[in-house]
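Have a look at the structure below before the remarks.
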Amino acid sequence: MSGPSAPRGVRVGVDVGSVRVGIAASDPDGILAVPVTTLMRDRKKNTDIDNLVGIVLDRQAVEVVVGLPRQLSGQEGRAVQLVREYADVLSARIAPVPVRFVDERLTTVAAHRRMAERGVRSRARRGLVDQEAAVQILQNDLDSRRRGGGAPAAAPDPSVGGGAVPQDER
49 MSGPSAPRGV RVGVDVGSVR VGIAASDPDG ILAVPVTTLM RDRKKNTDID
99 NLVGIVLDRQ AVEVVVGLPR QLSGQEGRAV QLVREYADVL SARIAPVPVR
149 FVDERLTTVA AHRRMAERGV RSRARRGLVD QEAAVQILQN DLDSRRRGGG
199 APAAAPDPSV GGGAVPQDER
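Be aware that the sequence shown starts at 49, since it is given in the numbering used here, and climbs by one per residue.
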């Protein structure tokens, strides 16, 4: 996965929810996404963003992939706006590391299903489902890159802090 359009390095996947933020990371070769942590949202002090910035810097991430929760119809509702606002703040804090959006429709449903298949009880899933959703978001993106649908080093989307690039506008 090396080359000008896909630099080698760790990628961080983010599933932004209204209560929690799931974080995943890839290996440096971009093959496997693994869960990292779940952060509690803190809209007043932004400690969740502080912690996420620390993860991105500690892992020397080359990119952050944020799931965009479009509606099944493809339209963007209020949840998408909240994620874009979150990504805008994150992008400003981690520049020049790019933040890119990918479609995350049904990742939370898939995360619940995978955890149930592994025998994780529903009560225990609550704290882990966001991490699993972040893994799904990032793994889908990594797999897409390997299949040839890779993300070129696109120009930043000026509508989101100068650093976020929507997947479908690449």
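Built from N, CA and C at the ideal position, the CB exists for glycine as well. Please read these numbers as outputs of a predicted model, since none were measured by experiment.
By a C-beta neighbour count over all protein chains shown, 10 Å radius and 16 as the cutoff for buried, is A143 buried or exposed?
As a first step, residue 143 must be located in the sequence shown, where it is residue number 95. Under this definition A143 is an exposed residue.
Whole angstroms is fine: what's the gap from V67's alpha carbon to D96's?
Here residue 67 corresponds to residue number 19 of the sequence shown, with the count starting at 1. Here residue 96 corresponds to residue number 48 of the sequence shown, with the count starting at 1. When rounded, the distance between both Cα atoms is 11 Å.
On the three-state DSSP scale, how would you describe L80?
Position 32 of the sequence shown, counted from the first residue, corresponds to residue 80. Looking at L80 - three-state DSSP - the assignment turns out to be coil, as it is neither helix nor strand.
For D63 and E152, believed in contact at Cβ under 8 Å, the rounded distance:
If you number the sequence shown from 1, residue 152 lands on position 104. If you number the sequence shown from 1, residue 63 lands on position 15. Confirmed, about 7 Å.
Check this for me: beta carbons of V183 and A72, under 8 Å apart or not?
For this step, residue 183 is matched to residue 135 along the sequence shown. For this step, residue 72 is matched to residue 24 along the sequence shown. Contact flag set, yes.
Within the continuous alpha helix (DSSP H) that includes G102, where are the two ends?
Sequence index remark: in the sequence shown, residue 102 carries index 54 (1-based). 95-106 is the extent of the alpha helix (DSSP H) around G102.
Given a cut-off of 8 Å on the beta-carbon distance, is the pair R89 and V69 in contact?
If you number the sequence shown from 1, residue 89 lands on position 41. If you number the sequence shown from 1, residue 69 lands on position 21. In this structure, V69 lies closer than 8 Å to R89 by Cβ.
For a test of the three-state rule: what should DSSP assign to V60, helix, strand or coil?
Here residue 60 is taken as the residue at index 12 of the sequence shown, counted from 1. V60 falls in the strand class under three-state DSSP.
Are the CB atoms of R141 and V84 nearer to each other than 8 Å?
As a first step, residue 141 is located in the sequence shown; it is residue number 93 there, counting from the start. As a first step, residue 84 is located in the sequence shown; it is residue number 36 there, counting from the start. No, the pair does not count as a contact, with Cβ atoms beyond the cut-off.
State the DSSP-derived secondary structure class of A73, mapped to helix, strand or coil.
By one-based count along the sequence shown, residue 73 stands at place 25. A73 falls in the strand class under three-state DSSP.
What does the alpha-carbon distance come out to for the pair P55 and D106?
Position 7 of the sequence shown, counted from the start, is the residue given in the question as residue 55. Position 58 of the sequence shown, counted from the start, is the residue given in the question as residue 106. Taking the straight line joining both Cα atoms gives about 18 Å.
What are the start and end residues of the alpha helix (DSSP H) that includes E180?
If you number the sequence shown from 1, residue 180 lands on position 132. Run containing E180: 177-192, per the alpha helix (DSSP H) assignment.
Backbone secondary structure at D90 - three-state DSSP
Taking the first residue of the sequence shown as 1, we reach residue 90 at position 42. Looking at D90 - three-state DSSP - the assignment turns out to be coil, as it is neither helix nor strand.
Per DSSP, which residues does L138 bridge with? Please list them.
The residue labelled residue 138 in the question sits at position 90 within the sequence shown. None; L138 has no bridge partner.
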